[in-house]
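2 protein chains.
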Amino acid sequence: MSTAGVEGKRARIVLAHPEPRSFVAAMADTARTALTHAGWRVTVSDLYRKRFNPVASAADFRNRSRPDYLVYPLEQRHAHAQGSLDPDIEEEVNAVLESDLLILVFPVFWFSTPAILKGWIDRVFLSGAFYGGRRVYDRGGMTGKRAMIITALGGREHMFGAHGIHGELAGGMLRHLQQGTLGYVGFEVHEPFIAYHVPYITQTERKAMLERLETELAAIDARPLVSFPSLENFDAQFRPLGEAGNTED
Amino acid sequence: MSTAGVEGKRARIVLAHPEPRSFVAAMADTARTALTHAGWRVTVSDLYRKRFNPVASAADFRNRSRPDYLVYPLEQRHAHAQGSLDPDIEEEVNAVLESDLLILVFPVFWFSTPAILKGWIDRVFLSGAFYGGRRVYDRGGMTGKRAMIITALGGREHMFGAHGIHGELAGGMLRHLQQGTLGYVGFEVHEPFIAYHVPYITQTERKAMLERLETELAAIDARPLVSFPSLENFDAQFRPLGEAGNTED
């Protein structure tokens, strides 16, 4: 974690909800306000408002490395090296690279993100800059930065956990996002903020949730981090190092 | 599982890959051929070819139940009841409803589906027809139908499992899709077909993978099913029933 003063810290909030007056949009507003009050310089990318294109395709690359056969990560590296990324991707990439903290704010759709946010990841988390080869987890391109998920769902908290009908939420259903995406590229990931049962509760209860979010974000530097694998425990082919201490690397 | 003769069985393959000549597209072709030879009536939806729109939004609904505030599942139920679903959604919904078997064929992007397929789920798995209230898992709208994932990734098999760097793949990273999506709406879900390390292996090895897929699909009726929660073990609020035998429902 950076020891720099909070004054210079930058946060990027990425919001994905189809209803501008939604509770999720209100959580993004609350996050912006709370972090700004805590001294962060905050920018927000509202993917629905900007009609972000979520479809990774050949159309993303003007000047292909392999015009005959699309290997998406290969073209990402080529375009990034050439400075020929599509402007809509480049803007998002630069904002993440310039930030110390990335916050994803979305409603749970099918125990994952809405497609518009999934496609933001598909297109923005560039092979090369974000990850590649052994540059994953604690050697990923985003090491030194932090990330956090802020989300809402209809389900109740008792539906999750070891004995819940759906099993674990953050560590289970959302593991593809917390570990497989944010952790994979090197972010330190704070415990998520999860608003349960939102469509079925009162406005008073929703307001209390926003106040809790504001309080918790004011103390984000002390918020616990999720645990991820360390490359130190795996060999050059990502095989677990045995207890005998295989130090091949 | 249905005991009807295989002659009448219908399969729907949904393909999502940005390169038409990809190995993943070849897996979809192999699946179509193998199932057709086994007597299935097969249709294929190639989401990239048809430029499927993956963004769930207010634009999906011509005649809103609540014009002032978008609640996406509410509008899905309203549009489905009215017969006013967008034609691109309605075609996909009807194809799934008319099929006995749904097969999703895609490359693993960020331990999940490409956004175009995530958005197909967001828009096509309708509240009401597919799930709703207590109509989930073994009471979901798709009970009596089967589903299966066919996917490819760059990672090697030893990177997954209890001691692998990424943890479990099908039961872990992909649990949001296998259980949280397909199982949730009531499909019986076959064990997935996973092609590992595809970009780094030889053409001969890839050909052998397609042959294995063909053989395995010829015997799909005997393919093991993934285990999901049963509503019988949970009360009306989805709380686990105690050992004392709370039969409230």
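The listed protein sequences correspond, in order, to chains Z and G. The numbers in the numbering used here rise by one with no breaks, and the one at position 25 of the first sequence is 25. So the number in the numbering used here is just where the residue sits in the second sequence, counting from 1, plus 1000. Ideal placement from N, C-alpha and C gives every residue a C-beta, glycine not left out.
Within 10 angstroms of the Cβ of residue i, are there 16 or more other Cβ atoms? Answer buried if so, exposed if not.
{"i": "H1060 (chain G)", "result": "One detail in the question is off: residue 1060 (chain G) reads as Asp in this sequence, not His. By the neighbour-count rule (16 or more Cβ atoms within 10 Å), D1060 (chain G) is buried."}
{"i": "A218 (chain Z)", "result": "exposed"}
{"i": "S1002 (chain G)", "result": "Note that S1002 (chain G) scores a pLDDT of 45, beneath 50, so its modelled location is shaky and nothing firm can be said."}
{"i": "Q178 (chain Z)", "result": "buried"}
{"i": "D1068 (chain G)", "result": "exposed"}
{"i": "K50 (chain Z)", "result": "exposed"}
{"i": "T1247 (chain G)", "result": "Note that T1247 (chain G) scores 46 on pLDDT, short of 50, meaning its location in the model is unreliable and no value can be drawn from it."}
{"i": "H37 (chain Z)", "result": "exposed"}
{"i": "Q1076 (chain G)", "result": "buried"}
{"i": "Y200 (chain Z)", "result": "exposed"}
{"i": "R1066 (chain G)", "result": "exposed"}
{"i": "G1005 (chain G)", "result": "At G1005 (chain G), the pLDDT of 49 sits below 50, so the modelled position is not reliable; the number obtained from the coordinates is stated separately. It counts as exposed."}
{"i": "A31 (chain Z)", "result": "buried"}
{"i": "G1008 (chain G)", "result": "exposed"}
{"i": "R1175 (chain G)", "result": "buried"}
{"i": "G959 (chain G)", "result": "The displayed coordinates of chain G run from 1001 to 1249. Any statement about residue 959 (chain G) would go beyond what the structure contains."}
{"i": "G245 (chain Z)", "result": "Bear in mind that a pLDDT of 46 at G245 (chain Z), under 50, signals an unreliable position, so the model cannot answer this."}
{"i": "P1224 (chain G)", "result": "exposed"}
{"i": "E91 (chain Z)", "result": "exposed"}
{"i": "G133 (chain Z)", "result": "exposed"}
Output, in chain order, the set of chain G residues within a Cβ distance shorter than 7 Å of residue i.
{"i": "I116 (chain Z)", "result": "V1055"}
{"i": "R239 (chain Z)", "result": "H1158"}
{"i": "H197 (chain Z)", "result": "Within 7 Å Cβ-Cβ: nothing; H197 (chain Z) doesn't reach chain G, min ~11 Å."}
Between the beta-carbon of residue i and the beta-carbon of residue j, is there less than 8 Å?
{"i": "L182 (chain Z)", "j": "A147 (chain Z)", "result": "yes"}
{"i": "V1136 (chain G)", "j": "E1191 (chain G)", "result": "no"}
{"i": "P1018 (chain G)", "j": "A58 (chain Z)", "result": "yes"}
{"i": "V1108 (chain G)", "j": "L1047 (chain G)", "result": "no"}
{"i": "A1129 (chain G)", "j": "R1012 (chain G)", "result": "no"}
{"i": "A115 (chain Z)", "j": "A1056 (chain G)", "result": "yes"}
{"i": "M173 (chain Z)", "j": "G1180 (chain G)", "result": "yes"}
{"i": "V1185 (chain G)", "j": "Y1131 (chain G)", "result": "yes"}
{"i": "V1014 (chain G)", "j": "W1120 (chain G)", "result": "yes"}
{"i": "V1042 (chain G)", "j": "F1106 (chain G)", "result": "no"}
{"i": "K289 (chain Z)", "j": "L117 (chain Z)", "result": "Chain Z is shown only over 1 to 249; residue 289 (chain Z) falls outside these bounds and no answer can be derived."}
{"i": "F257 (chain Z)", "j": "L213 (chain Z)", "result": "As shown, chain Z starts at 1 and ends at 249. That puts residue 257 (chain Z) outside it, with no answer to give."}
{"i": "A1026 (chain G)", "j": "L1210 (chain G)", "result": "yes"}
{"i": "H1197 (chain G)", "j": "G1140 (chain G)", "result": "no"}
{"i": "R1239 (chain G)", "j": "H158 (chain Z)", "result": "yes"}
{"i": "L241 (chain Z)", "j": "D138 (chain Z)", "result": "no"}
{"i": "D1086 (chain G)", "j": "W110 (chain Z)", "result": "no"}
{"i": "V124 (chain Z)", "j": "I150 (chain Z)", "result": "no"}
{"i": "N63 (chain Z)", "j": "S84 (chain Z)", "result": "yes"}
{"i": "S112 (chain Z)", "j": "S1127 (chain G)", "result": "no"}
In chain Z, which residues lie less than 9 Å from residue i when you measure between Cβ atoms?
{"i": "H1176 (chain G)", "result": "W110, F111, S112, G172, M173, L174, R175, H176, L177"}
{"i": "T1181 (chain G)", "result": "W110, F111, S112"}
{"i": "I1165 (chain G)", "result": "V136, Y137, P229, L231, N233, F234, F238, R239, P240"}
Quick one: list the residues of chain G neighbouring residue i, beta-carbon separation under 9 Å, in chain order.
{"i": "T143 (chain Z)", "result": "In chain order: nothing, as chain G lies at least about 16 Å away."}
{"i": "Y48 (chain Z)", "result": "V1055, S1057"}
Considering only heavy atoms of the ligand GDP, does any lie closer than 7 Å to the CB of residue i?
{"i": "D1068 (chain G)", "result": "This structure does not include the ligand GDP; it has no bound ligands of any sort."}
I want to verify the contact list: residues of chain G whose CB lies under 8 Å from the CB of residue i, in sequence order.
{"i": "T43 (chain Z)", "result": "Near T43 (chain Z) there are no residues of chain G at all, since even the closest Cβ is about 22 Å away, more than 8 Å."}
Practice task
Kindly provide the ranges of any beta strand (DSSP E) runs that are 3 or more residues long and lie completely inside the stretch 137 to 199 of chain Z, ordered along the chain.
Solution key: Runs of the beta strand (DSSP E) inside the stretch 137 to 199 of chain Z: 146 to 152, 193 to 195.
Handout entry: Near-chain Z residues of the stretch 1222 to 1234 of chain G - C-beta to any C-beta below 9 Å
Key = P1229, L1231, N1233, F1234
Problem - Short-range partners of chain Z found in the stretch 1055 to 1074 of chain G, where Cβ spacing is below 8 Å - result: V1055, A1056, S1057, A1058, Y1069, L1070, V1071, Y1072
Practice task
Check distances from the C-beta atoms of the stretch 11 to 41 of chain Z to those of chain G and list, in chain order, the residues that come in under 7 Å.
Solution key: Here the close residues are P18, E19, R21.
Practice task
Would you list, in chain order, the members of the stretch 1208 to 1220 of chain G that have their beta-carbon closer than 9 Å to a beta-carbon of chain Z?
Solution key: So the list is empty, because no residue satisfies the distance condition.
Problem - Near-chain Z residues of the stretch 1086 to 1101 of chain G (beta-carbon distance less than 8 Å), N- to C-terminal order - result: none
Exercise for the section: List in chain order: all unbroken alpha helix (DSSP H) runs of 4+ residues lying wholly within the stretch 1069 to 1140 of chain G. Expected result: Entirely contained in the stretch 1069 to 1140 of chain G, the alpha helix (DSSP H) runs reaching 4 residues are, in chain order, 1072 to 1082, 1087 to 1097, 1115 to 1124.
Practice task
Select from the stretch 116 to 137 of chain Z all residues with a C-beta closer than 9 Å to any C-beta belonging to chain G, and list them in chain order.
Solution key: I116, L117, K118, G119, W120, I121, D122, R123, F125, V136, Y137
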